[in-house]
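Chemist: Just passing along the structure, written as structure tokens.
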């Protein structure tokens, strides 16, 4: 039987600022990546989001980002491997304390935004991040872009990893994501997105923009939590996967 | 045999900014209170300070503060008990991840600056802080001003506590510290300070400004780490205690 | 002819976080208090909000707050008069640069949240704030709670001031606002709120909770910009004032 | 008669953290670049540093940086031209308010650290920065690396510019600075540094690492304010210039 995890970024509110639709989205995903206060989130939001995810039986993970609240952690910064290690240790620790305080166990770590993208292409940053995760808790699962340096680094240090795929992004024939700056980077049709995910999960393949099939490993699918269609799409993809006989469950229970 | 712990605030550098003389002071104290990034400290400083303390055999603790870097956590803020709980969980978690990554165990938590002072007088804030510590790790020792609400709250939730005394501050007949705004708040003579500590440790008493002896519990003595005389005084008090037959050791080993 | 200004807090978005409904509210008010990056706002939001207000012919003012983004500047902090002076100079300067860059002139300064409330009752903080405004630009109008220390301090240093009243808050017989912690602090009925404003503007009186009329000066009325009813109420109060023959115009043009 | 300005970065303390030796260095330089709170500095430090510079007759400039306090504005960030414009407007405004409050006039703007370096090579960022300066105050002088895009952009928008040279950095035959990662990037001998500056000022030439003379414009020389030798070197270079008959004076008075 095929199995896959659905993950979503969560806990991105900050102080009086609201972002996302966490409570509703949590009904449809199996892993929650919770912001840790650097690119988004704050101690109060973290506490509430951890509790909410645990109450709904969704696995909890840390979503560490660059220290850039005004840029939402999306702007590339030239940080050293040492700095990446330190940022990740700090943020994993902060989130894990809320998980412990609520009596739970943290499942995974998924870097956010620019940190995720920088790591995907940098063996050095990925090694630093993977070591940070391993040293804090070797039982944690490291989420990274399928085929990326981050997944390789995670395996190399002895962590369990989850290869992440995107439902609504198109792929290149080398297995990378089509850059957002290009015209056909996004799959705007929900049915196309669902079909792409099903094929990645069931056949381990994705049809690239160049018309060639590319092998891809799909352990977990990223679901976007904001935007007006997020909730509708989350429900749809979960239903379609179940309908197709794919078990949707958290990585740690697969 | 009498025993006492000597603690000092550490890891208060931030980015390119240096503060304190941690490496030298660590030769004289037995517990290090390490800043967690809110009032001082940053992930890199935390990593280095944790390692330095462990290398020197000094017990490591978290030193959570108010979110006020420019004010160094010394300005009172009207935070709710809920906010105090969240701030403390977050910061303990962040520091504990560095301790784990270095293969150590965190010994204690001591709130910093305005948070320490506000908690000393507020049963509500103290309860929130004590619960935060307990929920993250019930083995942690909570440091608080001797006789304060914080020590009471720690005992009440089931934590081990350490009553903190000050070598260079004078006391009032109700056991409180003489406010810094008053003339005779500070003991400027090193010998007087040493005698005050010895008496607190050996007799459980301190002579108040009003000329009356007051009962006081002295589990740990706060040593200041900055200022030109800090190092000299740290060495002197440690030597004087040893000379008087008082064992100077970390709270967790007492 | 009676005249009054309608002011609203604006520019409170931050990075990717949206707050308020500035564009729509600007159609109904005559003065915009724009956040300056300490409690809310960021350079991009400031630029856009200044331009938007100027395009709609609304007078622009700075809305300096405490350095507490996560608390939205609403938590009291014990800052010194010197710190208040410095915070206000800094934030006025930052906003005024955007106003100059767009070819406009800044009309006023209104402290935000806890800074506004602390100043209302503290002659010392008010003096520091008033001096900050005066030294940066003596032509600026200082907005403060009617009858407060801030208005007195503004007059004392030689600034033009605007006494601010609230449409939806009830008053005590000493002219102060009923604390929000009390049951009848808010006027929930729009018609009552409109009547209260009309009476304050036309008769210089408000009926206190104690049933006694109190003299009050109403140069500008605070309109809240968030919440679902904000826009409806802003439109209603503006129409009611116009209907009653009260000229609604910016303080600087009165 | 030859003339040159000596500038130094100042006001880089933050809250309780001290950096630099501003008071002493101010006796030897003619222009002070004052940090504006993003990479360093805070409202209190800005106020004090502006006053100190004015009291010593040193021309005051804004030193805007990237929003990266923990990295001291030295880490490259991928910011847009729009963001660069906004950052610079904000920070110039904040500093200029302190200058006005003290009754002075701001002379110049010099971007800091990574912002300075990114601008030097990017026509787009430089245009945004130059426009920000011009729109806030067209009388301001823009400081930029000699031969850089920033100087070109400044001239292009109609600003007066000052070409900056370094006493203690070696140059490449294309006129650029030898990257710090290379072995001979720094001139460690004070006499060599003084000779390099004298030749740049008097002959408009510098001997590159490749042994070829390169034409260079030297309106202002950057003096480093921290490090143990900073003060000695500042005094030495000023004396050597005066001795050689070069008038050392602020850019605005040249």
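Residue numbers (the working numbering), protein chains in the order written: chain F, 908 to 1161; chain U, 908 to 1161; chain W, 908 to 1161; chain B, 908 to 1161. Ideal placement from N, C-alpha and C gives every residue a C-beta, glycine not left out. None of these values were measured; they are calculated from a predicted model.
1) Can you pull the chain W residues whose beta carbon is under 9 Å from the beta carbon of residue 1123 of chain U, in chain order?
2) Provide the residue span of the alpha helix (DSSP H) that contains residue 929 of chain F, from first to last.
3) Three Cβ pairs or more, each shorter than 8 Å: is that satisfied between the segment 933-947 of chain B and the segment 933-942 of chain U?
4) What are the partner residues of residue 1112 of chain U, as DSSP defines its beta bridges?
5) Using DSSP with H/G/I as helix, E/B as strand and the rest coil, what is residue 970 of chain F?
6) Between W/1057, W/961, W/1097, which has its C-alpha nearest residue 1068 of chain W's C-alpha?
7) Using only alpha-carbon positions, find the residue among U/1049, U/1088, U/1002, U/929 that is nearest to residue 1131 of chain U.
8) What does a CB cutoff of less than 7 Å around residue 1030 of chain B pick up in its chain, not counting 5 residues either side in sequence?
9) Using the beta-carbon count (16 or more within 10 Å), is residue 1014 of chain W buried or exposed?
10) List the whole-angstrom C-beta distance separating residue 921 of chain W from residue 947 of chain W, where the pair is believed to meet the contact cut-off of C-beta under 8 Å.
11) Below 8 Å on the Cβ atoms is my guess for residue 1187 of chain F versus residue 996 of chain U; work out the distance and round it to an integer in Å.
12) Measure how close the beta-carbons of residue 993 of chain U and residue 983 of chain W come, nearest whole angstrom, since I'm counting them as under 8 Å.
13) Please confirm if residue 918 of chain W has its CB atom under 8 Å from at least one CB of chain F.
14) Please report the residue range of the beta strand (DSSP E) in which residue 1052 of chain F lies.
15) Spatial neighbours of residue 1043 of chain U within its chain, please: CB distance less than 7 Å, with the 5 preceding and 5 following residues excluded, ordered by chain position.
16) Strictly below 8 Å CB to CB, what residues from chain U border residue 874 of chain F?
17) Using three-state DSSP, classify residue 1094 of chain U as helix, strand or coil.
18) In chain order, what are the residue ranges of uninterrupted alpha helix (DSSP H) at least 4 long that sit wholly in the segment 951-1038 of chain U?
19) Any beta-carbon of chain B closer than 8 Å to the one on residue 1143 of chain W?
20) Quick check on residue 1145 of chain F: buried or exposed, where buried means 16 or more other Cβ atoms within 10 Å of its Cβ?
21) Over what stretch of residues does the alpha helix (DSSP H) that includes residue 1145 of chain W continue unbroken?
22) In this structure, does DSSP put residue 1100 of chain B in helix, strand or coil?
23) What residues of chain F sit near residue 1007 of chain U, judged by a beta carbon separation below 9 Å?
24) Is there a Cβ from chain W that is less than 8 Å from the Cβ of residue 976 of chain F?
25) Quick check on residue 919 of chain U: does DSSP put it in helix, strand or coil?
26) Below 8 Å on the Cβ atoms is my contact criterion, and I expect residue 910 of chain B with residue 1156 of chain B to pass it. Report the Cβ-Cβ distance as a whole number of Å.
27) List, in chain order, every chain W residue whose beta-carbon is nearer than 7 Å to that of residue 922 of chain F.
28) With distances taken from CA atoms, which of U/1160, U/932, U/1006 is nearest residue 1129 of chain U?
29) Cβ closer than 8 Å: which chain W residues qualify as neighbours of residue 1004 of chain B?
30) Identify whether residue 1066 of chain B lies in helix, strand or coil by the three-state DSSP scheme.
31) Expressed to the nearest angstrom, what Euclidean distance is found between the alpha-carbon atoms of residue 1045 of chain B and residue 1149 of chain B?
32) Should the segment 1089-1105 of chain W be regarded as contacting the segment 1071-1078 of chain W, the criterion being three or more beta carbon pairs within less than 8 Å?
33) Quick check: is the beta carbon of residue 926 of chain F nearer than 8 Å to any beta carbon in chain W?
34) Under 8 Å, do residue 1108 of chain B and residue 1153 of chain B count as touching if we go by C-beta distance?
35) Which residues of chain W have a Cβ atom closer than 8 Å to the Cβ of residue 984 of chain B, listed in chain order?
36) Under 8 Å, CB to CB, which of the residues in the segment 954-978 of chain U have a partner in chain F?
Modeler: Answer, in terms of the structure:
1) Numbered from 1 along the second chain, position 216 holds the residue referred to as residue 1123 of chain U. By Cβ distance, chain W contributes nothing, its closest Cβ being about 28 Å from residue 1123 of chain U, past 9 Å.
2) Counted from its first residue, the first chain places residue 929 of chain F at position 22. Element bounds for residue 929 of chain F: 929-932.
3) no
4) The count along the second chain starts at 1 and reaches residue 1112 of chain U at position 205. DSSP, once it has assigned bridges, lists U/1122 as partnering residue 1112 of chain U.
5) Along the first chain, read from residue 1 onward, the residue named residue 970 of chain F stands at position 63. Three-state DSSP puts residue 970 of chain F in a strand.
6) Here residue 1068 of chain W refers to the residue found at position 161 when the third chain is read from its first residue. Of the listed residues, the one whose Cα sits closest to residue 1068 of chain W is W/1057.
7) On the second chain, position 224 is the one that residue 1131 of chain U refers to. Ranking U/1049, U/1088, U/1002, U/929 by Cα distance to residue 1131 of chain U puts U/929 first.
8) Within the fourth chain, numbered from 1, the residue matching residue 1030 of chain B stands at position 123. Within the same chain, residue 1030 of chain B has close Cβ partners 1056, 1060.
9) Within the third chain, numbered from 1, the residue matching residue 1014 of chain W stands at position 107. By the neighbour-count rule (16 or more Cβ atoms within 10 Å), residue 1014 of chain W is buried.
10) Counted from its first residue, the third chain places residue 921 of chain W at position 14. Counted from its first residue, the third chain places residue 947 of chain W at position 40. With a Cβ gap of about 6 Å, residue 921 of chain W and residue 947 of chain W count as contacting.
11) The structure shown does not extend to residue 1187 of chain F, since chain F spans only 908 to 1161, so no value can be given for it.
12) As a first step, residue 993 of chain U must be located in the second chain, where it is residue number 86. As a first step, residue 983 of chain W must be located in the third chain, where it is residue number 76. Incorrect: roughly 18 Å between the Cβ atoms, too far for contact.
13) Here residue 918 of chain W refers to the residue found at position 11 when the third chain is read from its first residue. For residue 918 of chain W, the answer is no, since every Cβ of chain F falls outside 8 Å of its Cβ.
14) Along the first chain, read from residue 1 onward, the residue named residue 1052 of chain F stands at position 145. First-last of the beta strand (DSSP E) with residue 1052 of chain F: 1048-1052.
15) Taking the second chain and counting its residues from 1, one reaches residue 1043 of chain U at position 136. Cβ neighbours of residue 1043 of chain U beyond the five flanking positions: 996, 999, 1000.
16) With chain F covering 908 to 1161 only, the question about residue 874 of chain F has no answer from this structure.
17) Within the second chain, the letter at position 187 stands for residue 1094 of chain U. Looking at residue 1094 of chain U - three-state DSSP - the assignment turns out to be coil, as it is neither helix nor strand.
18) 988-1008, 1020-1028
19) Walking along the third chain from the start, residue 1143 of chain W turns up at place 236. No, residue 1143 of chain W does not count as interfacial toward chain B.
20) In the first chain, counting from the first residue as 1, residue 1145 of chain F sits at position 238. Classification for residue 1145 of chain F: buried.
21) To locate residue 1145 of chain W, count along the third chain from 1; it is residue 238. Counting along the chain, the alpha helix (DSSP H) containing residue 1145 of chain W begins and ends at 1137-1150.
22) Translated into positions along the fourth chain, residue 1100 of chain B becomes position 193. In the structure shown, residue 1100 of chain B sits in a helix (DSSP, three-state: H, G or I).
23) For this step, residue 1007 of chain U is matched to residue 100 along the second chain. Within 9 Å Cβ-Cβ: 996, 1000, 1042, 1043, 1044.
24) Position 69 of the first chain, counting from 1, holds the residue named residue 976 of chain F. With 8 Å as the cut-off, residue 976 of chain F counts as an interface residue toward chain W.
25) Position 12 of the second chain, counted from the first residue, corresponds to residue 919 of chain U. It is coil, neither helix nor strand.
26) Taking the fourth chain and counting its residues from 1, the one referred to as residue 910 of chain B is at position 3. Taking the fourth chain and counting its residues from 1, the one referred to as residue 1156 of chain B is at position 249. Yes, they are in contact, since the Cβ atoms of residue 910 of chain B and residue 1156 of chain B sit about 6 Å apart, within 8 Å.
27) Locating residue 922 of chain F in the first chain gives position 15, counting from the first residue. Those within 7 Å of residue 922 of chain F in chain W are 976, 977, 978, 979.
28) Start at 1 with the first residue of the second chain, and residue 1129 of chain U comes out as number 222. The candidate whose alpha carbon is nearest that of residue 1129 of chain U is U/932.
29) Reading the fourth chain from its first residue, position 97 is the one you call residue 1004 of chain B. 996, 997, 999, 1000, 1001, 1003, 1043, listed in chain order.
30) The residue you call residue 1066 of chain B lines up with position 159 of the fourth chain. Coil.
31) Locating residue 1045 of chain B in the fourth chain gives position 138, counting from the first residue. Locating residue 1149 of chain B in the fourth chain gives position 242, counting from the first residue. Spanning the two alpha carbons is a distance of roughly 31 Å.
32) yes
33) The residue given as residue 926 of chain F occupies position 19 in the first chain. Yes - at least one Cβ of chain W is within 8 Å of the one on residue 926 of chain F.
34) As a working mapping, residue 1108 of chain B is identified with position 201 in the fourth chain. As a working mapping, residue 1153 of chain B is identified with position 246 in the fourth chain. Closer than 8 Å, so yes.
35) Counted from its first residue, the fourth chain places residue 984 of chain B at position 77. Residues of chain W passing the Cβ test: none, with the nearest at roughly 14 Å.
36) 954
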